[in-house]
Structures are given as C-alpha cells and as structure tokens.
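Right, one structure below, let's go through it.
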Amino acid sequence: MSEEKIWPDKTDTDLWEEVRAAMIEKHGDRFDDAHMRKVFDLTCDHFEDYVSKSRFFKKALMNCVWERPIISKEQQVY
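Number 32 in full-length UniProt numbering belongs to position 32 of the sequence shown; there are no gaps in the numbering.
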C-alpha cells in the first residue's frame with residue numbers, strides 16, 4: 001500500500017489546517033499564524049507535482065524553524 005499523495009495547493013484550506021495543527025503540536029505557540037502561513041505557502045511553492053503527505057509535512061515543519069525571524073540581542077532570553 002502506497003502513502004497518500006497530495007497536491008501542494010496554497011488555497012487548500014483543509015491541508016493548511018492540518019499543517020497548522022502539526023506545527024502547533026510540534027512547536028507550541030513559538031510561531032504566530034502569519035509565520036506559519038508564510039511557511040505553508042513557501043512549502044507549496046517548493047513542490048511542483050504531487051508529493052507524499054509525510055514528505056510535505058516534514059518539509060513544512062523544517063521550514064517553520066529555518067524561516068523563523070531572527071531576533072535581536074535585546075529580545076534574547078537566557
């Protein structure tokens with residue numbers, strides 16, 4: 001049995017909600033909705049054809065961390 005393939009469509013609200021839920025589950029409230037949506041759109045742009053759901057989610061979760069805004073030294077908490 002092969003894994004489910006998805007079309008990475010920025011307008012797919014069901015896919016967006018699933019990815020958003022996965023990001024919140026993994027990262028909690030570390031990222032705001034605007035950042036998560038930007039990452040979702042970037043991930044959709046990355047793939048040009050159907051892709052396995054697990055690969056898409058893995059890329060989106062990785063992008064969430066890699067695309068995060070850089071914080072200034074004043075904002076850093078130790």
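For glycine and all other residues, C-beta sits at the position ideal for the given N, C-alpha and C.
In the structure shown, Lys58 adopts helical secondary structure according to DSSP, grouped into three states. Here Cys44 has Pro8, Lys10 as same chain residues with Cβ atoms under 6 Å from its own Cβ, once five neighbours each way along the sequence are excluded. Counting the other CB atoms within 10 Å of its CB gives Met62 a total below 16, which places it among the exposed residues. DSSP places Thr13 inside the alpha helix (DSSP H), whose first and last residues are 13-27. In this structure, Phe56 keeps its C-beta atom at 8 Å or more from the C-beta atom of Ile24.
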